[in-house]
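Going line by line, the protein sequences match chains D and F. Residue numbers for the first sequence, in our numbering: 1 to 110. Residue numbers for the second sequence, in our numbering: 1 to 115. No residue lacks a Cβ here, since even glycine has one placed at the ideal position from N, Cα and C. Source: prediction; values computed, not measured.
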Amino acid sequence: TQLLEQSPQFLSIQEGENLTVYCNSSSVFSSLQWYRQEPGEGPVLLVTVVTGGEVKKLKRLTFQFGDARKDSSLHITAAQPGDTGLYLCAGAPGAQKLVFGQGTRLTINP
Amino acid sequence: GAGVSQSPRYKVAKRGQDVALRCDPISGHVSLFWYQQALGQGPEFLTYFQNEAQLDKSGLPSDRFFAERPEGSVSTLKIQRTQQEDSAVYLCASSVPGGGNQPQHFGDGTRLSIL
């Protein structure tokens, strides 16, 4: 079974601070996706990383895929209250289905 | 709308009752997935369809869980003789074919509570 471990599970910081969320596995994934989920809604895709070492930026969010394609990170610069939510990483272990991490619940305080 | 639609949004049932959850995928999406999300956890895979064919049902937790997609569009997840541990949010997602690299578009889920 290929597992994805996210850390931290909970993070509460002040507006304007920077943060990094990690997603780690002992297994290689053909790609990793990051989703954000709001209460009462389904996850919404933020980004897909495919190539080892790949870096993608989405405004103040920076996503990186590890060289060995076993881990990924999400860095948020100058966090804002609108960034509050559950961040999920998900891996495609070569098949159709996604394996999700347990999520990082992020709270940005004004 | 253009997104994945799930109904009902909320379902309360007594232990032992059967329930049926519906998913309308995005038009033209041949791949359809069901996930179960427990409170405070990430979604866990239940089953996958490509058109009407159920290609992977390895995540279904017991034989009380059954899913179908008879015409390759709408899908129904049925849970028989519900138990309290079945309480969770059930998410449906659809995508174009192309493997796990393709983005999955999720509905807002059905929150199932078993009393």
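Asked	Found
Identify which residue in Asn18/D, Gly91/D, Pro110/D has its Cα closest to the Cα of Phe65/D.	Gly91/D
Quick one: does Glu44/F have its CB under 9 angstroms from some CB of chain D?	yes
Which residue spans inside the segment 12-77 of chain F form an unbroken beta strand (DSSP E) run of at least 3?	19-24, 31-37, 44-50, 53-56, 65-68
Given this structure, state the Cα-to-Cα distance separating Ala88/F from Leu21/F, to the nearest angstrom.	12 angstroms
So Phe45/F and Lys97/D are in contact, right, with Cβ under 8 angstroms, and what is the actual spacing, rounded?	4 angstroms
For the segment 82-107 of chain F, which residues have a beta carbon sitting closer than 7 angstroms to at least one beta carbon of chain D?	Leu91, Gly99, Gly100, Asn101, Pro103, Gln104, Phe106, Gly107
Provide the residue(s) that pair with Glu5/D in DSSP beta bridges, ordered along the chain.	Asn24/D
Please name the residues in the segment 40-74 of chain D whose beta-carbon is closer than 9 angstroms to at least one beta-carbon of chain F, in chain order.	Gly40, Glu41, Gly42, Pro43, Val44, Leu45, Thr48, Val50
Leaving out the 5 sequence neighbours to the left and right, which residues in its chain are closer than 6 angstroms to Thr77/D when beta-carbon positions are compared?	Asn18, Arg60
Is the Cβ-Cβ distance between Cys89/D and Gln9/D less than 9 angstroms?	no
Within 9 angstroms (strictly less), CB to CB, does Val21/D reach chain F?	no
Whose C-beta lies closer than 6 angstroms to the C-beta of Asn24/D among residues of the same chain, with five residues either side of it excluded?	Glu5, Asp71
Mind checking Thr51/D: buried by the 16 CB within 10 Å criterion, or exposed?	exposed
Using DSSP with H/G/I as helix, E/B as strand and the rest coil, what is Asp71/D?	strand
Kindly list the residues whose CB is nearer than 7 angstroms to the CB of Gln102/D, restricted to its own chain and excluding five residues on each side of it in sequence; keep chain order.	Gln6, Gln9
Quick check: Gln80/F and Arg64/F, are their CB atoms within less than 9 angstroms of each other?	yes
Looking at Gly107/F: is its Cβ nearer than 9 angstroms to the Cβ of Gln6/F?	yes
List the endpoints of the continuous beta strand (DSSP E) containing Gly52/D.	Neither: Gly52/D is in no beta strand (DSSP E) and is coded neither H nor E.
Excluding five sequence neighbours on each side, which residues of the same chain lie with their C-beta closer than 8 angstroms to the C-beta of Glu68/F?	Gln54, Ser75, Thr76, Lys78
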